[in-house]
Amino acid sequence: MGEGATGRRWRWCGALLLAAVLAGCADGGGGDAKGTSTAESEVPRPAAPGPTVGAPTGAPCDSTLALPDGFCATVFADTVGGARHVTVAANGDVFVQLMTGKKSAESGSGRTGGVLALRDTDRDGAADTSALFGELGGTGIALHNGYLYADGKSRVVRWRLPQGTLVPEGAAEAIVTGLPLGGHEARNIALDTAGNLYVNVGSLTNSCQRKDRGDRSPGRDRCTELRTRAGIWKFSASKPRQTQSTGQRFATGIRNAIGLTVSPLDGKVYATQHGRDQLAQNWGFSALASAENPAEELLQVNAGDDFGWPYCYFHVGQQKLVLAPEYGGDSTRVGRCAEKKAPLATYPGHWAPMSLLFYTGTQFPERYRGGAFIAFHGSWNRAPEPQEGYRVVFQPMADGQPTGAYETFADGFAGGVKQPGTARHRPVGLAQGPDGALYITDDKGGRIWKVSYRR
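Residue numbering for the sequence shown is 22 to 476, as defined by this note's numbering.
The following block contains the structure:
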């Protein structure tokens, strides 16, 4: 990891999470996330070379990211572990779901996750106070009506979080339990103003094929996975211990809607879909065709929608849904896919869209207001073609519809080589602060950026 041009890289020392680790309690082992272990600690400050013009006072712009003119990314926190999704409270406190957390060699702790809470008390663009609680080790996180909700893979829990507090009050309450594990088990959550909780449940398999990674293995028709997976489920946000059977399957045919949100602009549900793999390995597609297909998708999701997985995928060249080869497709046949709902917008194959944010702030220039930011984790399966993604893009939108092609907003996360094993950073989570700044998390290097516009 390189140093910024305007200032030395800074890292959290092992003491950052050591205090939280030593606080003890886990989330109840195999139970329903009873952990509320907390500890606050001061975050070591970066070596300050002096303020950068246009940046928040005291925090230099980090040269890691390439941004449009006028924008500055400051390092809000660093080396925190597997930072996944993020949410920001009205007072500016930042809450990050950790898939994996920092481990303390000194204490011998095996702590592998939790929620990291961060506060910038002097408003200089970098966190200086932290708290760590729970050991859920998931992806999704959200604030709603005085509660903090978090994904725990097989369950969704919430903590009471009084306004202006960094640490929850009392034990975690299980809202949804018994969600299926295996396959695409990382999940996102979203809530609407009516008190509904939406949960992504990803598919178990690539294409519901009979033989995993088998040469020309046909798909299961009908695919029984769709009963409990590959869709979005709707629950009450306040009723404890719900299960899939007591919830509602809101939409189906979405392989993995890890980018899931309720737009504050129109109150509708939107999601991004991770497209299927193995077109070359299993079906003899060319390396280029397999790298570029299928498209990653931006979806607007209504109750009862079916987006076609596993029977269909969106073909980049033809710009339409076509029948998958496991179900008799030949790259051109449409068949039953004519009845499936098409995406709003599409992106190159295998970029892995991880989060979706509609921008409602006033800090950024007018053209960004009402548009959508999407964080792409980056590909692993485009070889022998170059790997791609590893960026945050901006999708112009108006009234829930795309108004132009996507454009790269933040790049440079991976460093010189775009490969999952060697990338320095991989973007995952997006959140908007009360001041209109954009927060971006990274689960490879454990960095959290705050992107501001220079006035």
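Cβ coordinates follow ideal geometry from the N, Cα and C atoms, glycine included.
Nothing here was measured: the structure is a model prediction, and the numbers come from that model.
Residue interval of the alpha helix (DSSP H) (run including residue i)
{"i": "residue 313", "result": "308-313"}
{"i": "residue 301", "result": "300-304"}
Opening and closing residue of the beta strand (DSSP E) in which residue i lies
{"i": "residue 21", "result": "Outside the shown range of the chain (22 to 476) lies residue 21, about which nothing can therefore be said."}
{"i": "residue 334", "result": "333-336"}
{"i": "residue 292", "result": "290-294"}
{"i": "residue 469", "result": "469-474"}
{"i": "residue 170", "result": "168-172"}
{"i": "residue 429", "result": "428-431"}
{"i": "residue 3", "result": "An answer regarding residue 3 cannot be provided, because it is not within the stretch 22 to 476 covered by the chain."}
{"i": "residue 394", "result": "393-397"}
{"i": "residue 379", "result": "374-379"}
{"i": "residue 151", "result": "150-154"}
{"i": "residue 107", "result": "102-109"}
{"i": "residue 135", "result": "135-140"}
{"i": "residue 94", "result": "92-98"}
{"i": "residue 273", "result": "269-273"}
Proximity to residue i [Cα-Cα], best of the options
{"i": "residue 491", "options": "273, 268, 456", "result": "With the chain covering 22 to 476 only, the question about residue 491 has no answer from this structure."}
{"i": "residue 397", "options": "81, 375, 390", "result": "375"}
{"i": "residue 182", "options": "190, 176, 175", "result": "190"}
{"i": "residue 238", "options": "120, 348, 371", "result": "348"}
{"i": "residue 362", "options": "105, 333, 139", "result": "333"}
{"i": "residue 203", "options": "188, 168, 277", "result": "277"}
{"i": "residue 389", "options": "92, 267, 87", "result": "92"}
{"i": "residue 417", "options": "393, 430, 439, 408", "result": "393"}
{"i": "residue 454", "options": "151, 383, 101", "result": "383"}
{"i": "residue 111", "options": "167, 87, 134", "result": "167"}
{"i": "residue 292", "options": "200, 379, 83", "result": "379"}
{"i": "residue 227", "options": "271, 435, 298, 421", "result": "298"}
{"i": "residue 108", "options": "87, 149, 225, 172", "result": "172"}
{"i": "residue 192", "options": "175, 304, 170", "result": "170"}
{"i": "residue 448", "options": "428, 470, 427", "result": "470"}
For residue i, the residue or residues it bridges with in DSSP
{"i": "residue 190", "result": "181"}
{"i": "residue 419", "result": "422"}
{"i": "residue 460", "result": "452, 471"}
{"i": "residue 341", "result": "336"}
{"i": "residue 220", "result": "210, 254"}
{"i": "residue 412", "result": "397"}
{"i": "residue 281", "result": "292"}
{"i": "residue 320", "result": "292"}
{"i": "residue 444", "result": "According to DSSP, which records beta bridges pairwise, residue 444 is partnered with nothing at all."}
{"i": "residue 240", "result": "230"}
{"i": "residue 366", "result": "319"}
Nearest-angstrom beta carbon gap, residue j and residue i [assumed within contact, 8 Å]
{"i": "residue 220", "j": "residue 254", "result": "5 Å"}
{"i": "residue 263", "j": "residue 196", "result": "6 Å"}
{"i": "residue 273", "j": "residue 251", "result": "7 Å"}
{"i": "residue 467", "j": "residue 102", "result": "5 Å"}
{"i": "residue 95", "j": "residue 82", "result": "7 Å"}
{"i": "residue 371", "j": "residue 400", "result": "4 Å"}
| request: Specify whether the stretch 155-171 and the stretch 208-223 touch according to this definition: at least 3 beta carbon pairs, one from each stretch, less than 8 Å apart. | output: Short answer: they touch.
| message | Contact between the stretch 233-251 and the stretch 307-323 is defined here as three or more beta-carbon pairs at a separation below 8 Å; is this criterion met? | response | The stretch 233-251, when compared against the stretch 307-323, does not touch it at the 8 Å Cβ threshold.
| Taking three-plus beta-carbon pairs below 8 Å as touching, is the stretch 336-355 in contact with the stretch 297-314? | The stretch 336-355, when compared against the stretch 297-314, does touch it at the 8 Å Cβ threshold.
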